[in-house]
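S.K.: The structure's right below; bear with me while I get my questions together.
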Amino acid sequence: MIILLAGCDMGHLGNPLLWPVGAVSTTVENASYGAKRKKVENYVAAHQFEMISDIAVGGGPAISKGMDLAGIPQARRPEFLPILKEDIAMFRPNTPEAREKLVIALMVHGN
């Protein structure tokens, strides 16, 4: 049995002594992401139509604030706005699904 286990590679698991550190850092990262996402969700829920109007004209204060909350770097915003404009139809309905799609779009491009 020992011979069979000798062929197993645990390289993908990393150092077992560091597993607790990894678990803690992952928990902190997940909490941080969750808090940021909640802020974006709340903002989108309150300002969906202003954000859509801004997207339609290529920018404005409402979509800028949403991008700020999602952590989208200023340098990437000019290339991101046309993507949002191309997909604007799916953000328009006053539904939780449409708001969720806008939140996802913002969070995917944020950091």
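Residue numbers for the sequence shown follow numbering that gives the first Met the number 0, beginning at 0 and rising by one.
All C-beta atoms in this analysis are idealised placements derived from N, C-alpha and C, irrespective of residue type, glycine included.
For clarity, every value in this text was computed on a predicted model and none was experimentally measured.
So, for methionine 50: in the same chain, excluding its five sequence neighbours on each side, which residues have a beta-carbon less than 6 angstroms away from its beta-carbon?
M.R.: Ala61, Ile62, Gly65
S.K.: Using the Cβ count rule (16 or more neighbours within 10 Å means buried), how would you classify phenylalanine 90?
M.R.: With 16 or more other Cβ atoms within 10 Å, it is buried.
S.K.: Tell me where the alpha helix (DSSP H) around valine 56 begins and ends.
M.R.: Segment: none, valine 56 is in no alpha helix (DSSP H) and carries neither H nor E.
S.K.: From this set, Gly13, Glu40, Ser52, which residue's C-alpha is nearest methionine 106's C-alpha?
M.R.: Glu40
S.K.: For the alpha helix (DSSP H) that alanine 104 lies in, which residues bound it at each end?
M.R.: 95 to 108
S.K.: Could you pull the start and end residues of the alpha helix (DSSP H) that leucine 80 belongs to?
M.R.: Where leucine 80 is concerned, the enclosing alpha helix (DSSP H) starts and stops at 76 to 85.
S.K.: Using only alpha-carbon positions, find the residue among Ile54, Ala97, Gln47, Ala69 that is nearest to leucine 80.
M.R.: Ile54
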